[in-house]
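K.L.:
Sharing a structure with you now.
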Amino acid sequence: MTPRGRRKWYKHEKESRSQETLATLIGAAQALTKPATSGSVSPPHMRKRGHNRNNSNPILAKIWKARDDQDMKIKLHVATILRRQQYIIKMCKALMLFGAPTHRLEEYLAMSAKVLDINSQFLYIPGCMIMSFDDPLTHTAEVKIVRTAQGVNLGKLKDTHEIYKEVLHDVIDLDEALARLDEIIVAKDRHPVWLCVIMYGLASTAVSCFFKARPIDFPVIFILGCLLGFLQLVIAPMSKTYSTVFEISAAILMTFLARLFGSLQGGNLFCFSALTQSAIAMILPGWLVLSSALELQSKAIVPGSIRLVFAIIYSLFLGYGITVGTALYGAMDSNATMETKCRDPLNPYWNFLFVPLYVFFTCFTVQAKYKQMPVMIGIAMAGYIVNFYANLKFTASAPIAYSFGAFTIGVLANLYSRLRHGVAAAVLLPAVYVQVPGSLASSGSINTALQTASQLIRGANETVTQDSLNAISFNVAASMIQIAIGITVGLFMSCLLVYPLGKKRSGLWTL
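The following block contains the structure:
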């Protein structure tokens, strides 16, 4: 969205300072070289006024003129303040729409308000930002509420970050910033919906390597992934009623169809557990749980607590959907498969081929730009390599392995931000998407849920206790929280290593 040939904000700051200093020195030199002469023209207020017949009362005229000037100054001052407040409100809306780190939103807006000389306070709760603009002269405050549906659009987030930086470094004025923000907000998504639906299927196929899928399972996983993408991107936005039950209905449908395909030829053709886990991998609440953990770690108690409770309930919905979908098909087919392990899975080292493909396909679903993708793939691949070998070393303590992988991607993303002036948060997100399914697969929580659920309704001879049924839902939720804590520790340690003193002017654009 930035016109070509425009000077970058990180170059403009140094040059503008030197030019400003040089102009000041030249002006001072010119003032010193002009001596005061006795024949110089007297100031206007020292001249002898002639008689003005049109102005019968000059004192009254001066009073009215001074009052008009004061009114004009007040109007200009108020208009400037309103424009600054409008910019802060619009910037907040853009950041929430495009997936900026929620635990740093208040910091970003506070930095902007400080540079624009606006007295303000901010309070963020999920889906809503409360702003208070204070007027110290009249001792009044104006409260604004920005409420918008939060999403992820990494391409637009990068453009928004550039506007944010250019305003902070005085490269552009507020009128241009507001116009460009309007263009970004109303612009269409970079990748169309039909392409994203296909990418859902391809991403589900690529992520199946974490769940020990075989090549024969790939076509079925692709179909289930495309169906999930169609439900989320096409059906859910059309119906607000359906969007409220999307997670449960999708989990039920995916597990039902997965057990249907897994039961073909006596369960010897397709792998039931790989089909199920791969089909629901794209709706796992990994980013949701991670956001809550990051907020709590940042001492943002209110949004972190709210989001964590919602993430736990979301995980329970998925666990419930797995139970219902598996049991429904078991009630319809007495020969339904109970096999929860894949026969003859691929070698785990094949994952090194599928991980870059998974990141590439995921970049389309989060609307990333093409020039962002190589960095995203490289960082995600490095993080997965560390996570893979750390899991082999720390088998008994999985969160340690998660922390090592998150620390790696955090260091690389922050170095990219520091050296190349990129957006660390944008390149980190696909890497986090790689960490969550891989960690969840290694924990085996979904597989445990499938083992218990497959025993329901003519599935096994053993008695299924109530405790084992409760474990279906809570295993998924507990594993997601455990993964999020490990990733959070790694990300914060990496941020401390690269930015030990933080950034005083613009805030850290990282997780």
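Position one of the sequence shown corresponds to residue 8 (this note's numbering), numbered consecutively onward. All C-beta atoms, glycine included, are put in the ideal place defined by N, C-alpha and C.
1) Could you pull the start and end residues of the alpha helix (DSSP H) that Tyr409 belongs to?
2) Does the beta-carbon distance from Ile494 to Leu297 come in below 7 Å?
3) Nearest-angstrom Cα distance between Pro292 and Ala485?
4) Rounded to a whole number of angstroms, what is the C-alpha to C-alpha distance between Ala220 and Asp351?
5) In terms of residue numbering, what span does the alpha helix (DSSP H) encompassing Thr167 cover?
6) Around the C-beta of Trp357, are 16 or more other C-beta atoms found within 10 angstroms, so that it is buried, or is it exposed?
7) If you follow the beta strand (DSSP E) that Cys135 is in, where does it begin and where does it stop?
8) So what does DSSP say about Arg221, is it helix, strand or coil?
9) On the three-state DSSP scale, how would you describe Arg197?
10) Leaving out the 5 sequence neighbours to the left and right, which residues in its chain are closer than 7 Å to Ile170 when beta-carbon positions are compared?
11) Between the Cα of Ile329 and the Cα atoms of Gln374, Phe361 and Phe263, which residue gives the shortest distance?
12) Below 8 Å, how does it come out for the region 339-347 and the region 304-322: are there three or more Cβ pairs, yes or no?
13) Pull up the distance between the alpha-carbon of Gly232 and that of Met380, whole angstroms please.
14) Going by beta carbon distance, what residues of the same chain come within less than 6 Å of Asp196, once the five residues before and after it are set aside?
15) Run through the DSSP bridge pairs and tell me what Arg90 is partnered with.
16) Between which two residues does the beta strand (DSSP E) holding Leu130 run?
17) For a test of the three-state rule: what should DSSP assign to Lys151, helix, strand or coil?
18) Count the other CB atoms within 10 Å of the CB of Pro310; is the residue buried (16 or more) or exposed (fewer)?
19) Assign Glu173 to one of two classes, buried (16 or more other C-beta atoms within 10 Å of its C-beta) or exposed (fewer than that).
20) What is the DSSP secondary structure of Thr402, reduced to helix, strand or coil?
21) Between Ala413 and the rest of its own chain, which residues show a CB-CB distance below 6 Å, the 5 nearest in sequence each way excluded?
22) Would you mind stating whether Ser215 and Ser280 have Cβ atoms separated by less than 7 Å?
23) Would the beta-carbon of Thr155 fall within 7 Å of that of Ala101?
24) Could I get the ranges of all uninterrupted alpha helix (DSSP H) runs contained in the region 226-270, with 4 residues as the minimum, in chain order?
25) In this structure, how does DSSP classify Asp189 when only helix, strand and coil are distinguished?
26) So Val153 and Met136 are supposed to be a Cβ contact under 8 Å. How far apart are they, rounded?
27) Along the chain, where does the alpha helix (DSSP H) containing Ser280 start, and where does it finish?
28) Please tell me whether Met206 and Phe368 are closer than 7 Å, where the distance is taken between their beta carbons.
29) Return the CA-CA distance between Glu114 and Val382, expressed in angstroms with no decimal places.
30) Within 10 angstroms of its Cβ, does Gly236 collect 16 or more other Cβ (buried), or is it exposed?
31) Name the two residues that bound the continuous alpha helix (DSSP H) containing Pro363.
32) State buried or exposed for Arg427, treating a residue as buried only when at least 16 other CB atoms are found within 10 Å of its CB.
33) Ignore the nearest five residues each way along the sequence and tell me which others in Leu4's own chain have a CB closer than 6 Å to its CB.
34) Within its chain, find whatever has a CB closer than 6 Å to the CB of Ala387; leave out the 5 residues flanking it on each side and keep chain order.
35) Just confirm the distance between the C-beta atoms of Val505 and Asn421, as a whole number of angstroms; I'd bet it's less than 8 Å.
36) Name the residue from Leu301, Arg91 and Ile179 whose alpha carbon lies nearest to the alpha carbon of Ala432.
P.N.:
According to the structure shown:
1) By 1-based counting over the sequence shown, the position of residue 409 is 402. DSSP places Tyr409 in the uninterrupted alpha helix (DSSP H) bounded by Ala405 to Arg427.
2) Taking the sequence shown and counting its residues from 1, one reaches residue 494 at position 487. Taking the sequence shown and counting its residues from 1, one reaches residue 297 at position 290. At a Cβ-Cβ threshold of 7 Å, Ile494 and Leu297 count as neighbours.
3) As a first step, residue 292 is located in the sequence shown; it is residue number 285 there, counting from the start. As a first step, residue 485 is located in the sequence shown; it is residue number 478 there, counting from the start. Cα atoms of Pro292 and Ala485: separation of roughly 12 Å, rounded to the nearest angstrom.
4) Here the question's residue 220 lines up with position 213 in the sequence shown. Here the question's residue 351 lines up with position 344 in the sequence shown. If you take the alpha carbons of Ala220 and Asp351, they lie about 9 Å apart.
5) Here the question's residue 167 lines up with position 160 in the sequence shown. Unbroken alpha helix (DSSP H) run through Thr167: Leu161 to Leu175.
6) Here residue 357 corresponds to residue number 350 of the sequence shown, with the count starting at 1. Trp357 should be labelled exposed.
7) Residue 135 sits at position 128 when you count from the first residue of the sequence shown. Cys135 -> beta strand (DSSP E) spans Cys135 to Asp142.
8) By 1-based counting over the sequence shown, the position of residue 221 is 214. Reduced to three states, the DSSP call for Arg221 is coil.
9) By 1-based counting over the sequence shown, the position of residue 197 is 190. Arg197: coil per DSSP, three-state reduction.
10) To locate residue 170, count along the sequence shown from 1; it is residue 163. Once the five neighbours on either side are set aside, the close Cβ partners of Ile170 are Ala184, Arg187 and Leu188.
11) As a first step, residue 329 is located in the sequence shown; it is residue number 322 there, counting from the start. Shortest Cα-Cα distance from Ile329 to any of Gln374, Phe361 and Phe263 involves Phe263.
12) Too few Cβ pairs lie closer than 8 Å, so no.
13) Counting from one through the sequence shown, the residue named residue 232 turns up at place 225. Counting from one through the sequence shown, the residue named residue 380 turns up at place 373. Using only the alpha carbons, I get a separation of about 22 Å.
14) Translated into positions along the sequence shown, residue 196 becomes position 189. Cβ within range, chain order: Gln374.
15) Position 83 of the sequence shown, counting from 1, holds the residue named residue 90. BP columns for Arg90 are empty, so no partner.
16) Your numbering for residue 130 matches position 123 in the sequence shown. Its beta strand (DSSP E) spans residues Ser127 to Ile132.
17) One-based indexing of the sequence shown puts residue 151 at position 144. Three-state DSSP puts Lys151 in a strand.
18) Here residue 310 refers to the residue found at position 303 of the sequence shown. Result: buried.
19) Counting from 1 along the sequence shown, the entry for residue 173 is found at position 166. Classification of Glu173: buried, given that the 10 Å Cβ count is 16 or more.
20) Mapped onto the sequence shown, residue 402 falls at position 395. Three-state DSSP puts Thr402 in coil, outside helix and strand.
21) Locating residue 413 in the sequence shown gives position 406, counting from the first residue. Within the same chain, Ala413 has close Cβ partners Ile494, Gly497 and Leu498.
22) Within the sequence shown, numbered from 1, the residue matching residue 215 stands at position 208. Within the sequence shown, numbered from 1, the residue matching residue 280 stands at position 273. Result no, Cβ atoms of Ser215 and Ser280 do not sit closer than 7 Å.
23) In the sequence shown, the residue the question calls residue 155 occupies position 148. In the sequence shown, the residue the question calls residue 101 occupies position 94. Not in contact: Thr155 and Ala101 (Cβ atoms no closer than 7 Å).
24) With a minimum length of 4 residues, the continuous alpha helix (DSSP H) runs that stay inside the region 226-270 are 247-251 and 253-269.
25) The sequence position of residue 189 within the sequence shown is 182, counting from 1. Note: Asp189 maps to helix in three-state DSSP.
26) For the purposes of this step, residue 153 is taken as the residue at position 146 of the sequence shown. For the purposes of this step, residue 136 is taken as the residue at position 129 of the sequence shown. Correct: roughly 4 Å between the Cβ atoms.
27) Translated into positions along the sequence shown, residue 280 becomes position 273. Unbroken alpha helix (DSSP H) run through Ser280: Phe279 to Ala286.
28) Within the sequence shown, the letter at position 199 stands for residue 206. Within the sequence shown, the letter at position 361 stands for residue 368. Yes; because the gap between Cβ atoms is below 7 Å, this pair is in contact.
29) What you label residue 114 is simply residue 107 of the sequence shown in a count that begins at 1. What you label residue 382 is simply residue 375 of the sequence shown in a count that begins at 1. For the pair Glu114 and Val382, the Cα-to-Cα distance works out to about 26 Å.
30) Taking the sequence shown and counting its residues from 1, one reaches residue 236 at position 229. Per the 10 Å Cβ criterion, buried.
31) Within the sequence shown, the letter at position 356 stands for residue 363. In this chain, the alpha helix (DSSP H) harbouring Pro363 covers Asn358 to Thr372.
32) Translated into the one-based positions of the sequence shown, residue 427 becomes position 420. Result: exposed.
33) A query on residue 4 cannot be resolved here, the shown segment of the chain reaching from 8 to 518 and no further.
34) Taking the first residue of the sequence shown as position 1, residue 387 is located at position 380. Contacts found: Val366, Pro437, Ala438 and Val441.
35) As a position in the sequence shown, residue 505 is number 498, starting the count at 1. As a position in the sequence shown, residue 421 is number 414, starting the count at 1. Contact flag correct, Cβ pair sits at about 4 Å.
36) The sequence position of residue 432 within the sequence shown is 425, counting from 1. Looking from the CA of Ala432, the closest CA among Leu301, Arg91 and Ile179 belongs to Leu301.
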